[in-house]
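Here is the structure we will look at.
2 protein chains.
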Amino acid sequence: MDSKLITFFTSIQPISDEEINAIDQTMAVTHFKKGDILLKENQLSSNTYFILDGIVRQYKLIEGEEKTKDFFCQGEWILLTNNITNSFSDCYLQCCVDCTLVVGNSEKGEHLYKQYPNLGSIALKLMNNIFIQQQAKHDTYITDSPELRYLKLIKTNPDLFQQIPQYQIASYIGVTPESLSRIRKRILKK
Amino acid sequence: MDSKLITFFTSIQPISDEEINAIDQTMAVTHFKKGDILLKENQLSSNTYFILDGIVRQYKLIEGEEKTKDFFCQGEWILLTNNITNSFSDCYLQCCVDCTLVVGNSEKGEHLYKQYPNLGSIALKLMNNIFIQQQAKHDTYITDSPELRYLKLIKTNPDLFQQIPQYQIASYIGVTPESLSRIRKRILKK
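Taken in order, these protein sequences are the chains called A and B. Per numbering that gives the first Met the number 0, the first sequence runs over residues 0 to 189. Per numbering that gives the first Met the number 0, the second sequence runs over residues 0 to 189.
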C-alpha cells in the first residue's frame, strides 16, 4: 500500500499487517491527468477517492451552467451521497490539475468493516473527520464574506489554485468572475 | 428505552436486548420548553440530541446578530463538530417549540461502540445518514433560490414552522424578513 495512505490510516488508529493487506486489495493508487472526469451526472459509481496529490473539483450543471460546489485537496477523502445510497450521481468530479489518487470502493469497504471491526472503527472516525470538514465548508457559506471564503480556499494550496480558471473559483465563492477580480486586487494591495 | 428510539435503531440494523439495555443506560428521554437553550457558544458539551418531537434551531452570533444555521426536526440527530472534537461550541442550540428529545452523549457512545461492534456498525450507518442530510442541506445553499429553500424547509413540518419567528426563517434562507414576506405572498397566490 502507498506509504502516505498507511500513515494516514495509522494516524487515526493502529492497524495490523493483515488489515493493511485487506485494505490494499480494495484500493489502488492511480494517476489522473488535468481535466480527467472521475464522475458524471447520472452515473452509478461506488468509487471513493483519497487525494495524495492534486485538486479535484465537484460541480453541478444548473441550467447548462457549471456551479462549483467543492474543491478537494491533498489529504481529503471525496465521499458523496451517491456512494452511500448507491444512487445516480447528481454532480461531476473533475481533476483540476494532474492528480494522484487512491481509488477506493464504498461497497468493498462495507465488507471490510464487517470482517475487521477495527477497520469499521477507523471508518467511523474517518466519517467523523469528513463530517467536520464538510461542516467547516458549509459554515463558510453561512458566516463568511466571499473575500474570506476565497482566502480560506487558497490558503490550503496557493500554488495549485493559481492554475485553476477564475470562473470556477468565482462560482465556488458565489460571486461573478468580475467581482473575484476586484477581490483579488484588494487582497494584493493589502 | 423509548419505543420510537428502538424503532429508529432497528430500522438501521437489528440489535439485541443486551444492546438495547446498554444504549438505554447512556440516553435519556427529556422534555424541553419552547425557548430552552441546549447549548451556548464557548460551552463544552458532549451531549447529542435525537428529536422525537419538536424543532431545534442552531444559530451563531455574528457581530451581535443571530445567524440561523440550521433547523433540526423530528427523526433527526443533532450532532455538531464540537461533539466529535471535544472543543468549545461556536454556536447555540435553542428549542423553537416544546420538544421531546433523546439526550445522548458522544463520549459514552464511543465506549459503547468499542464494547459492542454491532452498535459501532450502526453508528457508522447513522453517521452516513447524518452526512447525507447535511449534504442535502448544504446543496440548498448552492443550487436553490431562497423561495425553494423556504418551501423545502416548511415541507418537513408546516404546522410547527408557523410558530417560528419570521426573522429566524429569513436568516436561514439568507434573505431579509421583508423579502421573506414577499416570498410568502407569492407562494400564497400560486
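Don't be surprised by glycine CBs; every beta carbon is placed ideally from N, CA and C. Keep in mind that this is a model prediction, so the values were computed, not measured.
Residues of chain B with CB closer than 8 angstroms to the CB of residue 112 of chain A, please, in chain order. 120, 123
Let me know if residue 92 of chain A comes out buried or exposed under the rule of 16 or more other beta-carbons within 10 Å of its beta-carbon. Within a 10 Å sphere around the beta-carbon of residue 92 of chain A sit 16 or more other beta-carbons, which makes this residue buried.
Are residue 87 of chain B and residue 41 of chain B closer than 8 angstroms when you measure CB to CB? Yes, the Cβ-Cβ distance between residue 87 of chain B and residue 41 of chain B is below 8 angstroms.
Does any residue of chain B have a CB that is nearer than 8 angstroms to the CB of residue 127 of chain A? At a cut-off of 8 angstroms between beta-carbon atoms, residue 127 of chain A makes contact with chain B.
Neighbourhood of residue 62 of chain B by C-beta, 8 angstroms cutoff - its chain only, sequence neighbours within 5 removed: none
What residues from chain A crowd round residue 133 of chain B, counting only those whose CB sits closer than 8 angstroms? 130, 133, 134, 137
Taking the CB atoms as reference points, tell me whether residue 117 of chain A and residue 18 of chain A lie closer together than 8 angstroms. yes
Hey, could you find the ends of the alpha helix (DSSP H) residue 68 of chain B is sitting in? Premise fails: residue 68 of chain B lies in the beta strand (DSSP E), 64-71, not in any alpha helix (DSSP H).
Between residue 115 of chain A and chain B, is the shortest Cβ-Cβ distance under 8 angstroms, so that the two count as touching? no
Indicate whether residue 100 of chain B and residue 58 of chain B have their beta-carbon atoms separated by less than 8 angstroms. no
Provide the residue(s) that pair with residue 48 of chain A in DSSP beta bridges, ordered along the chain. Beta-bridge pairing links residue 48 of chain A to A/77, A/102.
DSSP three-state label for residue 42 of chain B, please. coil
Check whether the Cβ atoms of residue 170 of chain A and residue 32 of chain A lie closer than 8 angstroms to each other. In terms of Cβ geometry, residue 170 of chain A and residue 32 of chain A do not form a close pair [threshold 8 angstroms].
Where residue 137 of chain B falls, given that 16 or more other Cβ within 10 Å makes a residue buried: buried
Counting only Cβ pairs nearer than 8 angstroms, list the residues of chain B close to residue 84 of chain A. 131
When you compare only the Cα positions, how much space is there between residue 107 of chain B and residue 25 of chain B? 6 angstroms
My guess is that residue 94 of chain A and residue 37 of chain A are in contact by the Cβ rule of under 8 angstroms, so how many angstroms apart are they, rounded? 7 angstroms
Excluding sequence positions up to five away, which residues of its chain have a Cβ less than 8 angstroms from the Cβ of residue 190 of chain A? Summary: the structure shown does not reach residue 190 of chain A, with chain A confined to residues 0 through 189, and so no result is reported for it.
To the nearest whole angstrom, what separates the beta carbons of residue 145 of chain B and residue 182 of chain B, a pair I think is in contact under 8 angstroms? Yes, residue 145 of chain B and residue 182 of chain B are in contact; Cβ-Cβ is about 6 angstroms, under 8 angstroms.
Let me check understanding here. Comparing Cα to Cα, which of A/89, A/150, A/71, A/114 lies closest to residue 189 of chain A? A/150
Examine chain A for any beta-carbon lying closer than 8 angstroms to the beta-carbon of residue 66 of chain B, and answer yes or no. yes
Mind listing which residues of the segment 165-182 of chain A have their C-beta closer than 8 angstroms to chain B's C-betas, in chain order? none
Give a yes or no on whether the C-beta atoms belonging to residue 172 of chain A and residue 179 of chain A are separated by under 8 angstroms. yes
Residue from A/80, A/113, A/133 with nearest C-alpha to residue 70 of chain A: A/133
If you follow the beta strand (DSSP E) that residue 29 of chain A is part of, which residue opens it and which one closes it? 27-31
Name the chain B residues that come within less than 8 angstroms of residue 14 of chain A, Cβ to Cβ? Contact of residue 14 of chain A with chain B by beta-carbon distance below 8 angstroms is absent, the smallest such distance being about 16 angstroms.
CB residue 50 of chain B to CB residue 74 of chain B, shorter than 8 angstroms? yes
Please identify, using Cβ separations under 8 angstroms, the residues of the segment 46-62 of chain A that lie next to chain B, in order along the chain. 59, 61
Mind checking which residues open and close the beta strand (DSSP E) that includes residue 166 of chain B? Where residue 166 of chain B is concerned, there is no enclosing beta strand (DSSP E), although the alpha helix (DSSP H) it sits in stretches over 165-172.
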